[in-house]
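J.:
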Amino acid sequence: MTGTESDDLHGGANADTFFLGEVPQPQEPEDPGKAKFTGIDWLNLGLSIAGDVSDLAFQYFGWNKLTKEVVPMVFDIGKSIVGGIEDPSAIPTVPLPKTGTYATIKDFNPREDVVFIPLAPTGKANVFISEDTNTTSTLSFKYNSEDGDKTFATLELATPSDIFGQGTNSISRAGQTSIRETLIDNALIIDSNGATQGLYNGTTLPIESKDLENLGSNRFLVLGAYSGLQLEGKGGIDYQYGTNFGDIISGYNLDPNDDIQSDPASVDNDQLRGFNGDDVFLGGAGADIIKGDDGLDTSSYIHSTAGVTVDLTNKPNNTYVEVANDGFGGKDKLYSIENIIGSDYDDEITGDNKPNVLGSAQGDDILTGNGDEDTFILSSGTNTITDFNPSQDKIQIDVKAYYENNQSVDFDATHSDTTNTLTISLAGQDAAILENISNSQVANALQKIEFIGEENNTIVMGDDDNNTGLGGSFSSQYIYGGGGQDGLRALRSKDVLLGGDGDDYLDGSQQADILIGGAGADTFTLYNFAGGYFSGGQWVRNVAPDSIMDFTAAEGDQINILTSHFDGLSSLSDLAYDNNSNELSFNDSVIAILENESGFDPNSHVSLF
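Residue numbers (our numbering): 55 to 663.
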């Protein structure tokens, strides 16, 4: 929707895109051999920003730190030019809005609407957003300064009930200020050279200029809900309102390099609201009011200065969750919050009877899902899960966080019949203690483990596609397949292979590799890529049997053995299996240990090739 001079622009319900300025008219090219400029398709230009930029994500890496990181995104500006122009210089420049008589946007909803404002091709943006309208429901756009008389447009907010929901009759001055500051801090400025975020002191975004070249000489200011946003408090009592996308909303500053600092331990009683989308909230100190609304929302206490106690069933009056201790000594009120991330200290976190994500940080935490399908995210420490249900829950382990503590590649799962617990160790550290797990549930529990986090030379991570050739390094590695049908390979060093979901292929190397197929019909192949040493003029192989941790016949698991790697092996009768030790042997040498196996029969589940 475009507007110039004294136009009134009404977007109505749902997400709208407003354009302030005159639209260039179609033009015939001077060179008949070139494409005709048929006009800017403002609708598609708006959709390319509001749609494609919606993956502007500020991501949690490993759930143990919040990183202000903008992922590369593509502005599909090309589709905004009807017919396409090979020569960007042929695209006319959109004039700047005029002062004096100007357009008014009548019903701007900061949760979902977007405003485009043409800017001069070079220099500072020279656009200021002012609250000088004598009403808390209107903002003005000006040139030169906030308090000058160079107004070129006004923006009237949608009704309070449209923005905040039924029962809200007015917008406070603090609410108006919050909306204005959000527009300023998250403004996009785009031209053919790239994009920056922030109206006054912008941060350059990692976008290739070729994705913007069809803008010609135009430069635009983009305001509003073009994607999920990162909102930060500035100290004192903050009011922060998100969008209908997934936002990160904090009562304090998250970037230690920013000019404006606020300590999470010194902030006041904030009010944070996410609306739609999957939002992450960080309240900091004080008795914060945090409202997630629709979506799967998370309250994070990653910066708390002591352990937290959060029980999502603790609902006074059955309206909100009262946090017993937010790690700063405060008691937050949580509305429509499904997930909790703990602190770097010893936490006690309890979910409700709905699906929850409960995340640890660096402490030794006690986690209780409390029913339904829960996800437990472990990023450090020894964490006790009191009610893990192998039939529906899952565990995600940030491998890098554990590996960096002692640089060890190892995995173990130890069950105690005495205490009915399963202890899962990674990189030489106890990562999880699962209570109330019987011996018959161990294999199923191991199949519910996923690896997450960042890759490096030691950690190889697949995705939900079919991945082949994962691993294969001479150095020890953690190798995770993810979803799909994956191929994972160990080679000449001790490796940990976790297939994940799907029918996976895991190749051991007789170097004490750990093989966990995960869910699905998995194939474990035993090779012998062993190294060795000379002794008495003879080459002695350095062999250690691989461990298959979750062989389950009922799922269709299978073991393949490459006979050329095992001299003299020609038939299944050459193999022996001990049901007590779970050792599969050839020539009195153990070649595999089937820990926690279910239904294994070497005559039915082993193939030679």
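Using N, Cα and C, we set each Cβ at its ideal position, and we do this for glycine too.
My parser needs the beta strand (DSSP E) runs of 3 or more residues fully inside the segment 377–411; what are they?
T.: DSSP runs (the beta strand (DSSP E)) wholly in the segment 377–411: 387–389, 393–395 and 402–404.
J.: Is there at least one Cβ from chain C nearer than 7 Å to E76's Cβ?
T.: Among the chains in the structure shown there is no chain C, since it carries only a single protein chain.
J.: Between G296 and F335, is the Cβ-Cβ spacing less than 7 Å?
T.: As a working note, residue 296 is residue 242 in the sequence shown. As a working note, residue 335 is residue 281 in the sequence shown. No, they are not a contact pair.
J.: Does the segment 509–529 touch the segment 491–501, meaning 3 or more C-beta pairs lie closer than 8 Å?
T.: No, the segment 491–501 is not in contact with the segment 509–529.
J.: Three or more C-beta pairs closer than 8 Å, one from the segment 412–423 and one from the segment 367–379: is that the case here?
T.: In short, these stretches do not touch, since the Cβ pair count stays below three.
J.: Answer yes if the segment 482–497 comes into contact with the segment 645–661, meaning at least three C-beta pairs across the two stretches below 8 Å, and no otherwise.
T.: Yes, since at least three Cβ pairs between the segment 645–661 and the segment 482–497 fall closer than 8 Å, the two stretches touch.
J.: For T155, count neighbouring Cβ atoms within 10 angstroms of its own Cβ and tell me buried if that reaches 16, exposed if not.
T.: Position 101 of the sequence shown, counted from the first residue, corresponds to residue 155. The residue is exposed, with fewer than 16 neighbouring Cβ atoms inside 10 Å.
J.: In three-state DSSP terms, what is K454?
T.: Position 400 of the sequence shown, counted from the start, is the residue given in the question as residue 454. Helix at K454.
J.: What's the C-alpha gap between F115 and G229?
T.: Numbered from its first residue, the sequence shown carries residue 115 at position 61. Numbered from its first residue, the sequence shown carries residue 229 at position 175. Residue placement at F115 is poorly supported in this model, since its pLDDT is 32, which falls under 50; the coordinates are not used for a value here.
J.: Can you give me the start and stop residues for the beta strand (DSSP E) that T577 sits inside?
T.: Mapped onto the sequence shown, residue 577 falls at position 523. Here the beta strand (DSSP E) through T577 covers T577 to L580.
J.: If you draw a straight line from the C-alpha of T250 to the C-alpha of R273, how long is it?
T.: Against the sequence shown, residue 250 aligns to sequence position 196. Against the sequence shown, residue 273 aligns to sequence position 219. Distance between the alpha carbons of T250 and R273 is about 11 Å.
J.: Which of helix, strand or coil does DSSP assign to D549?
T.: In the sequence shown, residue 549 corresponds to position 495, counting from 1. It is coil, neither helix nor strand.
J.: From the DSSP output, in three-state form, read off L421 for me.
T.: For this step, residue 421 is matched to residue 367 along the sequence shown. Strand at L421.
J.: Shortest alpha-carbon distance to I244 belongs to which of P260, T231 and R234?
T.: Locating residue 244 in the sequence shown gives position 190, where the first residue counts as 1. Selected option, being the one with the closest Cα: P260.
J.: Give the straight-line distance between the Cα atoms of N393 and D351, rounded to the nearest whole angstrom.
T.: For the purposes of this step, residue 393 is identified with residue 339 of the sequence shown, where counting begins at 1. For the purposes of this step, residue 351 is identified with residue 297 of the sequence shown, where counting begins at 1. Straight-line Cα distance between these residues: approximately 6 Å.
J.: Alpha carbon to alpha carbon, what distance is there between I615 and G562?
T.: The residue you call residue 562 lines up with position 508 of the sequence shown. The residue you call residue 615 lines up with position 561 of the sequence shown. G562 and I615: Cα-Cα distance of roughly 10 Å.
J.: According to DSSP, what are the bridge partners of D62?
T.: Numbered from 1 along the sequence shown, position 8 holds the residue referred to as residue 62. Bridge partners of D62: T158.
J.: On a CA-only basis, which of L623, V321 and D332 is nearest A341? Give me that one, please.
T.: Start at 1 with the first residue of the sequence shown, and residue 341 comes out as number 287. Per the Cα distances, V321.
J.: Under three-state DSSP, which class holds I233?
T.: As a first step, residue 233 must be located in the sequence shown, where it is residue number 179. Looking at I233 - three-state DSSP - the assignment turns out to be helix.
J.: Out of K387, I145 and A67, which one is the CA nearest neighbour of E166?
T.: Taking the sequence shown and counting its residues from 1, one reaches residue 166 at position 112. Comparing Cα positions, the closest option is A67.
J.: Please name the residue in V550, L326, F73 and N180 whose C-alpha comes closest to that of A467.
T.: Here residue 467 corresponds to residue number 413 of the sequence shown, with the count starting at 1. The shortest Cα separation from A467 among V550, L326, F73 and N180 belongs to V550.
J.: Taking only the alpha-carbon atoms, compute the straight-line gap between A179 and L173 and give it to the nearest angstrom.
T.: Start at 1 with the first residue of the sequence shown, and residue 179 comes out as number 125. Start at 1 with the first residue of the sequence shown, and residue 173 comes out as number 119. When rounded, the distance between both Cα atoms is 6 Å.
J.: Counting along the chain, where does the alpha helix (DSSP H) carrying H659 start and finish?
T.: On the sequence shown, residue 659 is found 605 positions in, with the first residue counted as 1. Taken as a continuous stretch (DSSP letters only), the alpha helix (DSSP H) holding H659 covers P656 to H659.
J.: If I431 and S414 are in contact, beta carbons under 8 Å, what's the gap, nearest whole angstrom?
T.: In the sequence shown, the residue the question calls residue 431 occupies position 377. In the sequence shown, the residue the question calls residue 414 occupies position 360. Yes, they are in contact, since the Cβ atoms of I431 and S414 sit about 7 Å apart, within 8 Å.
J.: Could you check which residue in N490, G553 and S547 has the C-alpha nearest to that of N521?
T.: Position 467 of the sequence shown holds residue 521. Out of N490, G553 and S547, G553 has the C-alpha closest to the C-alpha of N521.
J.: With a 10 Å radius around its C-beta and 16 neighbouring C-beta atoms as the bar for buried, classify E509 as buried or exposed.
T.: Position 455 of the sequence shown, counting from 1, holds the residue named residue 509. Answer is exposed; the Cβ neighbour count stays below 16.
J.: Quick one: what's got a C-beta closer than 8 Å to S232's C-beta in the same chain, skipping five residues either side?
T.: For this step, residue 232 is matched to residue 178 along the sequence shown. These residues qualify, in order along the chain: D292, Y293, Q294 and Y295.
J.: Between the C-alpha atoms of L120 and I302, what's the straight-line distance to the nearest angstrom?
T.: Position 66 of the sequence shown, counting from 1, holds the residue named residue 120. Position 248 of the sequence shown, counting from 1, holds the residue named residue 302. Note that L120 has pLDDT 33, beneath the 50 cutoff, so the model's placement of it is unreliable and no number is given.
J.: State the CB to CB distance for the pair T438 and T404, rounded to an integer number of angstroms; the pair is presumed to be in contact (CB under 8 Å).
T.: Translated into the one-based positions of the sequence shown, residue 438 becomes position 384. Translated into the one-based positions of the sequence shown, residue 404 becomes position 350. In fact, because the Cβ distance is near 12 Å, the residues do not count as touching under 8 Å.
J.: Quick check: what's the CA-CA separation for S479 versus D464?
T.: Residue mapping note: residue 479 aligns to position 425 of the sequence shown, counting from 1. Residue mapping note: residue 464 aligns to position 410 of the sequence shown, counting from 1. Their Cα atoms are separated by approximately 8 Å.
J.: Would you kindly report the start and end of the unbroken alpha helix (DSSP H) that includes V168?
T.: If you number the sequence shown from 1, residue 168 lands on position 114. That residue, V168, is in no alpha helix (DSSP H); its beta strand (DSSP E) goes V168 to L173.
J.: Relative to the C-alpha of S661, which residue among L626, E637 and L638 is closest?
T.: Position 607 of the sequence shown holds residue 661. Considering only alpha carbons, the answer is L626.
J.: Report buried or exposed for D398, applying the criterion of at least 16 other Cβ atoms within 10 angstroms of its Cβ.
T.: Residue mapping note: residue 398 aligns to position 344 of the sequence shown, counting from 1. Looking at its Cβ environment, which holds 16 or more other Cβ atoms inside 10 Å, D398 is buried.
J.: Keeping to the same chain, check which residues put their C-beta closer than 6 Å to that of F72; ignore five residues upstream and five downstream.
T.: As a first step, residue 72 must be located in the sequence shown, where it is residue number 18. Hits under 6 Å: M55, L63, I159 and V169.
J.: Within its chain, find whatever has a CB closer than 7 Å to the CB of D567; leave out the 5 residues flanking it on each side and keep chain order.
T.: Residue numbering aside, residue 567 sits at position 513 when the sequence shown is read from its first letter. If we look at D567 and ignore the five residues flanking it on each side, its Cβ neighbours are A544, K548, D549, L551 and D600.
J.: Given a cut-off of 7 Å on the beta-carbon distance, is the pair L266 and S281 in contact?
T.: For the purposes of this step, residue 266 is taken as residue 212 along the sequence shown, with counting starting at 1. For the purposes of this step, residue 281 is taken as residue 227 along the sequence shown, with counting starting at 1. Not closer than 7 Å, so no.
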